[in-house]
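Counting from 1 along the sequence shown, just add 1480 to a position and that's the residue number in my numbering. All residues carry an ideal CB built from backbone N, CA and C; glycine is no exception. Reading through the structure tokens given below for one structure.
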Amino acid sequence: MSDDLKKAALQYHAMPRAGKISVEVTKPTATSRDLALAYSPGVAEPVREIARDADNAYRYTAKGNLVGVISDGSAILGLGNLGALASKPVMEGKGVLFKCFAGIDVFDIEVNAQSPQEFIDTVVNVSPTFGGINLEDIKAPECFEIERVVKERCNIPVFHDDQHGTAIIIAAGLLNALELQGKTLPEVKIVCVGAGAAGVASMKLLMEMGAKRDNIFMLDSKGVIHEGRTDLNQYKAAFAHATEKRTLEDALNGADVFVGLSGPDLLSPEVLLTMAEKPVIFALANPDPEIKPELAHQTRDDIIVGTGRSDYPNQVNNVLGFPFIFRGALDVRARTVNEAMKVAAVEALRALAKEEVPAEVSAAYNGEVISFGKDYIIPKPMDPRLISVVSAAVAKAAVDSGVADLPYPEHYPLQSVADVYGK
């Protein structure tokens, strides 16, 4: 970041009031009777009703529209393990996105945990507060086991966004890019650089949607993940090949897809030239991608490029997913986020990118003319249709797959966040 942007970011977070979120009161508190209803003695009545039937918590408290954004600070953005307290600006930021895009309330919780088990126990113990839990910025490989166990022990949606949110957006963008390039997921050779939470989850979801394991080559900091290595955890080992390939150069020769979830400038123009015709490049390292889009386009004219940045076309941005996935899950009181719901989100995002873009979206992007093509393979984050399309698809998938406690709502699909507040 430039010095000006750094100063502006600190000023933004500090003034006129520290932080980015607050708690709002949703009921009148102007009279003594209001206070008698809000607290003692009136509050005793919903307490008794919830003690009688736990589902009444959804009727009498904010639980049904409340998500816990919870982190141990062990993998903050691209900054690493800086501790729980340092993760708080990110968790508050997540709360801003939940509220602005999907009308969902958030409590952020930063946990000082000495072990994965201590973190798991903390999350499970506070889970009755929430209608869903968004795990965030937890390092791999611990994040896989943490999410698995928390999901098993809770009966509300638990979603590690660094894994599944990233995977959903990558899958939606990649499927559309391959369609434009005249290719299909089962036939393409995919190289993924980065074997952490996002890389593993993304490749697993792509396999769920048709990619062949034999066509996926994953690399970590030591090179290609192959069967001869003895340093692999179980999550990396699931992608190990019997292969002579050892380097990125080896893996990318003839490959159709590059997915970068690693670090800056790892993909050189010389290696890019060895890929198959009409390749797809997702250089998602932030803030500096594995190859700059300008350089990639200078090197080849038959490519589609996506990044994690908002100042380039085809931004792979998790905000396209998690607010609307939780919105749909909460509205049918889903007990989990399963594969059917993830796939539904992918397909909804794919379809929306092919729809005619309304003028208000173009206006939000300086009047840019936007239509499905090589520079627009995935919806823009400011598209107001996301809440209706993605939330509805996720809610329906939850109901159809048997993990919802409520039927598909009559008020769906939602048209805007105003519909959420008006419920």
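### Task
Output yes or no for whether 8 Å exceeds the beta carbon distance between Val1796 and Gly1788.
Taking the first residue of the sequence shown as position 1, residue 1796 is located at position 316. Taking the first residue of the sequence shown as position 1, residue 1788 is located at position 308. In contact: Val1796 and Gly1788 (Cβ atoms closer than 8 Å).
### Message
Can you find the residues in the same chain that come closer than 6 Å, C-beta to C-beta, to Tyr1856, ignoring five residues on each side of it along the sequence?
### Response
Within the sequence shown, the letter at position 376 stands for residue 1856. Only Ile1850 meet the Cβ criterion.
### For Lys1903, the three-state DSSP class (helix, strand or coil)
Numbered from its first residue, the sequence shown carries residue 1903 at position 423. In this prediction, Lys1903 has a pLDDT of 46, which is less than 50 and means its spatial position is unreliable; what the coordinates show is noted afterwards. Judged by DSSP in its simplified three-state form, Lys1903 adopts coil rather than helix or strand.
### Query
Got a sec, what are the start and stop residues for the alpha helix (DSSP H) Ile1761 sits in?
Position 281 of the sequence shown, counting from 1, holds the residue named residue 1761. Where Ile1761 is concerned, there is no enclosing alpha helix (DSSP H), although the beta strand (DSSP E) it sits in stretches over 1760-1763.
### Contiguous beta strand (DSSP E) assignments of at least 3 residues, all confined to the segment 1719-1793
Counting only runs of 3 or more, we get 1737-1740, 1760-1763, 1784-1787.
### Task
Would you kindly report the start and end of the unbroken beta strand (DSSP E) that includes Phe1852?
Position 372 of the sequence shown, counted from the start, is the residue given in the question as residue 1852. Counted as a single uninterrupted DSSP element, the stretch harbouring Phe1852 is not any beta strand (DSSP E), since DSSP gives it neither H nor E.
### Query
Would Val1549 pass as a contact of Asn1614 if the rule is Cβ separation under 8 Å?
Here residue 1549 corresponds to residue number 69 of the sequence shown, with the count starting at 1. Here residue 1614 corresponds to residue number 134 of the sequence shown, with the count starting at 1. Yes.
### Message
Within 10 Å of its beta-carbon, does Tyr1965 have 16 or more other beta-carbons around it, so buried, or fewer, so exposed?
### Response
A question about residue 1965 goes unanswered here, because the residues of the chain that appear run from 1481 up to 1903.
### Task
Measure the alpha-carbon distance for Val1431 versus Ala1675 and round it to whole angstroms.
The displayed coordinates of the chain run from 1481 to 1903. Any statement about residue 1431 would go beyond what the structure contains.
### Message
With a threshold of 7 Å on Cβ separation, who are the neighbours of Pro1508 within its own chain once the five nearest residues in sequence on each side are excluded?
### Response
Position 28 of the sequence shown holds residue 1508. Taking C-beta separations shorter than 7 Å and ignoring five residues to either side along the sequence, the partners of Pro1508 in its chain run Asp1514, following chain order.
### Message
Can you tell me whether Ala1531 sits near the ligand GTP, meaning its C-beta is under 7 Å from at least one heavy atom of the ligand?
### Response
Of ligands this structure carries none, so the ligand GTP is not represented either.
### Task
Specify the secondary structure class of Gly1645 as computed by DSSP and reduced to three states.
Within the sequence shown, numbered from 1, the residue matching residue 1645 stands at position 165. In the three-state DSSP reduction, Gly1645 falls in the helix class (H, G or I).
### Task
Sort Ala1875, Arg1726, Asn1561 by Cα distance to Gln1594 and report the nearest one.
Numbered from its first residue, the sequence shown carries residue 1594 at position 114. Of the listed residues, the one whose Cα sits closest to Gln1594 is Asn1561.
### Query
So the alpha helix (DSSP H) Phe1587 belongs to, where does it begin and stop?
Reading the sequence shown from its first residue, position 107 is the one you call residue 1587. First-last for Phe1587: 1585-1590, but that is the beta strand (DSSP E), not the alpha helix (DSSP H).
### Query
Roughly how many angstroms lie between the CA atoms of His1891 and Val1817, to the nearest whole one?
For this step, residue 1891 is matched to residue 411 along the sequence shown. For this step, residue 1817 is matched to residue 337 along the sequence shown. Pairing His1891 with Val1817, the inter-Cα distance amounts to about 21 Å.
### Task
Measure the alpha-carbon distance for Val1505 versus Tyr1540 and round it to whole angstroms.
On the sequence shown, position 25 is the one that residue 1505 refers to. On the sequence shown, position 60 is the one that residue 1540 refers to. Those two C-alpha atoms are separated by around 14 Å.
#### Entry: Top-ranked residue by Cα proximity to Arg1815, from Ala1877, Val1869, Glu1774, Asn1766
Position 335 of the sequence shown holds residue 1815. Among Ala1877, Val1869, Glu1774, Asn1766, the Cα nearest to that of Arg1815 is on Ala1877.
### Message
Rounding to the nearest angstrom, what Cα-Cα distance links Thr1602 and Val1879 in this structure?
### Response
Walking along the sequence shown from the start, residue 1602 turns up at place 122. Walking along the sequence shown from the start, residue 1879 turns up at place 399. Roughly 30 Å between the two C-alpha positions.
### Message
So, at 8 Å on beta carbons, what are the nonlocal neighbours of Lys1903 in its own chain, with the 5 sequence-adjacent residues on each side left out?
### Response
The residue given as residue 1903 occupies position 423 in the sequence shown. Low per-residue confidence applies at Lys1903: pLDDT is 46, beneath 50, and the placement is therefore not dependable enough to give any value.
### Range of the contiguous alpha helix (DSSP H) that encloses Gly1575
As a working mapping, residue 1575 is identified with position 95 in the sequence shown. Counting along the chain, the alpha helix (DSSP H) containing Gly1575 begins and ends at 1568-1582.
### Query
Using the C-alpha atoms, what's the distance from Leu1810 back to Thr1609?
In the sequence shown, residue 1609 corresponds to position 129, counting from 1. In the sequence shown, residue 1810 corresponds to position 330, counting from 1. About 14 Å.
### Task
Would you mind stating whether Pro1767 and Tyr1792 have Cβ atoms separated by less than 8 Å?
Within the sequence shown, the letter at position 287 stands for residue 1767. Within the sequence shown, the letter at position 312 stands for residue 1792. No; because the gap between Cβ atoms is not below 8 Å, this pair is not in contact.
### Query
Based on the DSSP output, what are the partners of Gly1548 in its beta bridges?
For the purposes of this step, residue 1548 is identified with residue 68 of the sequence shown, where counting begins at 1. Per DSSP, Phe1587, Ile1613.
#### Entry: Beta-carbon proximity list for Val1671, same chain, < 6 Å, skipping 5 on both sides
To locate residue 1671, count along the sequence shown from 1; it is residue 191. Closer than 6 Å at Cβ, skipping near neighbours: Phe1697, Ala1731, Leu1732, Ala1735, Phe1738.
### Query
If you count every other CB in all the chains shown that lies within 10 Å of the CB of Glu1770, and 16 or more means buried, which is it?
Residue mapping note: residue 1770 aligns to position 290 of the sequence shown, counting from 1. Around the Cβ of Glu1770, a 10 Å sphere holds 16 or more other Cβ atoms; the residue is buried.
### Task
Compare the C-alpha of Glu1836 against each of Glu1827, Pro1889, Pro1859, Pro1637 and name the closest.
The sequence position of residue 1836 within the sequence shown is 356, counting from 1. Ranked by how close their Cα comes to the Cα of Glu1836, the residues Glu1827, Pro1889, Pro1859, Pro1637 have Pro1859 in first place.
### Query
Would DSSP call Met1698 helix, strand or coil?
Here the question's residue 1698 lines up with position 218 in the sequence shown. In the structure shown, Met1698 adopts extended strand secondary structure according to DSSP, grouped into three states.
### Touching by the beta-carbon criterion (3+ pairs, under 8 Å), the segment 1573-1580 and the segment 1798-1807
Flag = yes, the segment 1573-1580 and the segment 1798-1807 touch.
### Query
Grouping DSSP H, G and I as helix and E and B as strand, with all else coil, what is Gln1795?
Counting from 1 along the sequence shown, the entry for residue 1795 is found at position 315. Strand.
### Task
Could you please give me the residues that DSSP links to Phe1804 through a beta bridge?
Taking the first residue of the sequence shown as position 1, residue 1804 is located at position 324. None, per the DSSP bridge assignment.
### Task
Would you identify the three-state DSSP class for Val1826, choosing helix, strand or coil?
Taking the first residue of the sequence shown as position 1, residue 1826 is located at position 346. The answer is helix: DSSP assigns Val1826 an H, G or I state.
### Query
Could you give the C-beta distance for Pro1826 and Ala1652, rounded to a whole number, given that I count them as a contact under 8 Å?
As a working note, residue 1826 is residue 346 in the sequence shown. As a working note, residue 1652 is residue 172 in the sequence shown. It is worth fixing the name first, because residue 1826 is Val in this sequence and not Pro. Their Cβ separation, rounded to whole angstroms, is 5 Å, which keeps Val1826 and Ala1652 in contact under 8 Å.
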